[in-house]
Structures are given as structure tokens and as C-alpha cells.
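A short write-up of the structure that comes next.
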Amino acid sequence: MWIAITQKLITDFLLDFLYFPIWWFTKGLQQILIFSYNLVGQANMRLAPLLWFKNLFVPMFGQRDIQGRIMSFFMRLVNGIIRGFLIVCWIWVMGVFVLTWISFPFIVFIIFLNSLGIL
Numbered sequence: 016m017w018i019a020i021t022q023k024l025i026t027d028f029l030l031d032f033l034y035f036p037i038w039w040f041t042k043g044l045q046q047i048l049i050f051s052y053n054l055v056g057q058a059n060m061r062l063a064p065l066l067w068f069k070n071l072f073v074p075m076f077g078q079r080d081i082q083g084r085i086m087s088f089f090m091r092l093v094n095g096i097i098r099g100f101l102i103v104c105w106i107w108v109m110g111v112f113v114l115t116w117i118s119f120p121f122i123v124f125i126i127f128l129n130s131l132g133i134l
């Protein structure tokens, strides 16, 4: 009985060990891409730069005089530009995250070979 359990545990461990690189670049990468896409979508929902540009010519606080319209225009313009820049930065961070996910096994492998003195 114990031999069968030990054999099953060792077999499962070896199969999981061999399947891990395949999972990393298929299902794991798919999950990371979906996760990154969702984070960018959430950031877009929170910052909403297009909403600021959509309401660019709408006066803020109901001030319809010329000073209120000018102040509202520039306030929304600057706010939309900054929020758009933040979205672009967040997309860049998520891209670096995905590229790090892809390159991590290669970096670990190179460090492993270097520690053995092969490289």
C-alpha cells in the first residue's frame, strides 16, 4: 500500500515538474495577459481620461460666464492630458510585467548555469 502511494506521489511530482514549463508559457501566460488587461481596464475606469475630453466644453459648476468656461476648458484639458499620460504609463508597466513573466525562466536558467560554472 505504501509503495503504491509513494510511487503515485513521485510520478505526480515528476509529471508536474515536467509540465511546469509548458504551463508557464501557455495557461500561465494567458492568465497573466487577462490579469494585465483587467488591471488596465480598471485603471481606465478609475481615471477616465476620455470622459474629461468628452466634457471639455461643458462649464464646470454651472458657471456659464466667459471666465468659468475658460477655467473649465483648461482645467479639463490638463486633467485629461495627465490622466491619459497615467494610463499610458500603466500600460507600459503592465507590458514590462508581461515581458518579465516571459523572460523570468530564461533568467533563472542563466543564473543556474552561471552558478554551476558553465557560463
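Residue numbers for the sequence shown follow my numbering, beginning at 16 and rising by one.
All C-beta atoms, glycine included, are put in the ideal place defined by N, C-alpha and C.
Keep in mind the model is a prediction, meaning the values are calculated, not measured.
The distance from the Cβ of W67 to that of R91 is about 5 Å, consistent with a contact at the 8 Å cut-off. Counting along the chain, no alpha helix (DSSP H) covers I133, and no H or E run does either. The three-state secondary structure of L65, taken from DSSP, is helix. Distance from L54 to M109 at the Cβ level is roughly 6 Å; contact confirmed, criterion being Cβ atoms closer than 8 Å. A straight line joining the alpha-carbon of F119 with that of S130 spans about 16 Å.
When rounded, the separation of the alpha-carbon atoms in D27 and I47 is 25 Å. Under the DSSP assignment, Q22 falls in the alpha helix (DSSP H) whose first and last residues are 17-40. With a cutoff of 8 Å on beta-carbon distance, W116 and L44 are scored as near each other.
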